[in-house]
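I have placed the structure first, in the form of structure tokens, so that the comments after it can refer back to it.
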Amino acid sequence: MPANPLGVALRNRRAGHHTLVWAHPDLQAPENFTLTSPAFEHEAPMPEKYRGRVFGANISPALSWTEPPSGTVELALVVQDPDVPLGKPATHALALGIDPALAGLPDNALAAPGPVPGIRHGRGGLGRRGWTGPMPIRSHGPHSYVFQLFALDRIPDVPAGFTLDQTITAITGHVIGRARLDGTYENP
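Heads up: the sequence shown is residues 243 to 430, going by the working numbering.
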């Protein structure tokens with residue numbers, strides 16, 4: 243298949259890792275637990291199974307984490323692609339209400355509605371709730387999908403259909419630990 247001219251033209255335009263929630267100055271905390279997936283290694287390609295709904299099954303990958311810090315009441319997960327050719331990253335999942343005692347989530351747990359009780363889904367960049375898998379522009383090069391897990395010392399007060407900005411405001415000052423897992427995906 244020939245290269246996509248749009249993807250090639252935008253290849254050097256990316257939001258950047260500095261635009262991730264991870265880099266937000268009010269959400270800095272120790273990286274005192276670990277986030278992994280049985281589906282892919284850190285900084286390695288994500289399997290086709292997790293590709294977005296336009297091209298694939300749109301199933302969120304299973305995740306596992308080590309014990310979060312003492313005092314963790316809830317976990318918040320934000321999945322972003324900082325390689326989109328926009329000024330800010332695309333949000334592929336925004337979930338609150340994750341019980342830290344679970345130690346992980348199975349495949350497709352980030353679907354909305356999902357199989358894991360208590361998870362509340364916010365609206366991602368496309369206005370959808372739940373997982374939106376990788377859908378990079380063809381020929382744009384590899385994209386990172388950054389799974390950012392935040393340990394919180396309280397339950398955030400957010401409205402139904404909450405946004406990323408509302409989440410950041412609600413968790414500011416309450417992040418006591420964090421963990422990160424980066425996957426990649428490329429649509430050649």
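We put the beta carbon where it would ideally sit given N, CA and C, even for glycine. All figures in this text were calculated on a predicted structure; none of them were measured in a lab.
Within the model, the alpha-carbon separation for K330 versus E309 is close to 31 Å. DSSP, reduced to helix, strand and coil, places A353 outside both helices and strands of the structure shown, so it counts as coil. Looking at the DSSP output, H385 shares a beta bridge with Y427. Shown here, H334 sits in a strand according to DSSP, grouped into three states. Between the C-alpha atoms of H334 and I361 there is a straight-line separation of about 15 Å.
Per DSSP, L248 lies in no beta strand (DSSP E) segment; the continuous alpha helix (DSSP H) that holds it begins and ends at 247 to 251. Cβ atoms of N300 and G375 come within 8 Å of each other, at about 5 Å. Burial is judged here by how many other beta carbons sit within 10 angstroms of a residue's own beta carbon; H260 has fewer than 16 and is exposed. When secondary structure is reduced to three states using DSSP, P376 falls in the coil class, being assigned neither helix nor strand. As DSSP reads the structure, R362 sits in a beta bridge with L338.
Taking 8 Å as the cut-off, the Cβ atoms of P324 and G258 count as close. Here I413 has L269, A318, F392, L394, P398 as same chain residues with Cβ atoms under 8 Å from its own Cβ, once five neighbours each way along the sequence are excluded. Of the candidates H266, L336, Q390, the residue whose Cα lies closest to the Cα of G415 is H266.
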